[in-house]
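The block underneath contains the structure these notes are about, expressed in structure tokens.
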Ligand SMILES: Cc1ncc(COP(=O)(O)O)c(C=O)c1O
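In our numbering, the protein residues as written are 5 to 376.
Structure, rendered in structure tokens:
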């Protein structure tokens with residue numbers, strides 16, 4: 005994979021690219037809270053009040069009241085018994101794995117799961133079996149065999165299923181409700197909900213709310229760097245698991261938590277998303293506008309409430325022509341390569357609540373021109 009050129013941000017929905025100001029449909033700041041005056045003010049206040057970093061593990065001298073406050077805000081927003089703030093979203097999954105590994109004997113993972121889940125899977129130290137992408141039937145086929153019966157006698161033994169909630173590559177959503185139906189009773193589902201937290205579900209609680217499943221048996225990991233506009237990671241779970249992670253995860257014990265001003269900013273972001281219902285409503289309307297306009301021209305675009313529109317083109321010539329059309333319509337050509345995505349790259353457009361109708365219209369025109 006090549007390292008892309010640095011981008012020059014102009015404001016929350018525009019970038020400068022090759023001397024031109026272009027609409028920016030990328031990044032995962034779904035509500036542009038990273039640009040919200042209250043979130044930015046909280047970052048500045050946090051810096052002045054607390055300094056930049058605790059420069060220590062939370063288990064030594066680095067615990068701070070702002071971490072406790074963000075955990076309180078998260079438990080309220082997601083209606084969950086406990087939350088644990090960690091350094092970033094990537095580490096959340098490995099921290100869960102390190103806490104659970106003594107009692108986990110079988111791990112299933114969606115073949116297209118995020119790299120952080122694949123990394124975390126290795127931490128369990130037991131067989132890791134991939135299952136076909138979003139396929140509950142394949143999950144059923146890959147459940148543990150005879151050994152299960154012996155192990156299940158000990159109620160603290162588990163198998164774990166690992167999946168993204170909303171997949172970043174094309175915005176498809178994991179069928180959590182169907183997984184819960186086919187899994188044995190003491191199986192646990194670890195959902196990396198980095199993209200869905202704050203975005204999916206009636207109140208933004210993510211994939212669990214979207215698919216109508218209860219929290220029992222589900223561990224939800226999130227990032228504060230996408231919908232909430234700041235930085236840091238968190239695990240949403242039962243109190244007992246939170247305690248286990250604190251006690252047993254070397255990654256939690258041996259790393260510095262997220263920077264204080266950014267955690268303070270995250271608290272503001274969580275508050276805004278909790279209060280201002282118009283943000284999610286606008287995001288939903290923008291997504292519907294773009295997806296319904298593009299659907300007749302690009303039937304492969306995933307029909308889901310996810311604010312992600314992906315186009316995989318057959319040839320590099322087609323991709324180059326699309327790049328040209330996008331720039332002609334003042335849209336930044338977000339052609340990306342990402343682990344797990346199509347190896348030759350693809351266009352991924354991320355819709356935000358803050359794009360104007362004119363910007364959305366430009367995107368639609370650029371992607372429909374020259375198509376049947
Ligand atoms: C599905 C998923 N999980 C985890 C992460 C990592 O989150 P963070 O950037 O907070 O480390 C990302 C980041 O893009 C992601 O897409």
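Backbone N, C-alpha and C define an ideal beta-carbon position, used for all residues, glycine too. It should be emphasised that the depicted structure is a prediction, and the values quoted were computed from it without experimental measurement.
Under the three-state reduction of DSSP, residue 27 is assigned to strand.
Residue 134 has 113 as its beta-bridge partners, per DSSP. Under DSSP, residue 162 shares a beta bridge with 108. Cα atoms of residue 18 and residue 334: separation of roughly 10 Å, rounded to the nearest angstrom. Pairwise C-beta distances place the region 237–253 in contact with the region 93–104, as three or more of them are shorter than 8 Å. With respect to residue 354, residue 312 sits close: the two C-beta atoms are nearer than 8 Å. Excluding residues up to 5 positions away in sequence, 17, 18, 19 and 336 lie with their Cβ nearer than 7 Å to the Cβ of residue 28 in the same chain. A direct Cα-to-Cα measurement between residue 14 and residue 38 gives close to 13 Å. Taking all protein chains in view, the Cβ of residue 9 is surrounded by fewer than 16 other Cβ atoms within 10 Å, so the residue is classified as exposed.
Burial check for residue 268: the Cβ neighbour count within 10 Å reaches 16 or more, so the residue is buried. According to DSSP, residue pairing for residue 240 in a beta bridge involves 87 and 224.
Taken through DSSP and simplified to helix, strand or coil, residue 355 comes out as coil. For residue 20, the enclosing beta strand (DSSP E) stretches over residues 18–21. In this structure, the alpha-carbon of residue 295 lies about 29 Å from that of residue 235. Look at residue 237: its beta carbon is less than 7 Å from one of the heavy atoms in ligand 1.
With distances taken between CA atoms, residue 79 lies nearest to 241 out of 63, 174, 241 and 113.
Look at the beta carbons and you see the region 214–223 touching the region 192–205: at least three pairs across the two are nearer than 8 Å. DSSP lists 351 as the bridge partner or partners of residue 339. Between the alpha carbons of residue 293 and residue 85 lies a gap of roughly 37 Å.
Taken from the Cβ of residue 120, at least one heavy atom of ligand 1 lies inside 7 Å. Checking the DSSP bridge columns, you'll see residue 12 partnered with 20. Under DSSP, the beta-bridge partners assigned to residue 170 are 177.
Taking every protein chain shown into account, the CB of residue 72 has fewer than 16 other CB atoms within 10 angstroms, so this residue is exposed. For residue 326, the enclosing alpha helix (DSSP H) starts and ends at 320–332.
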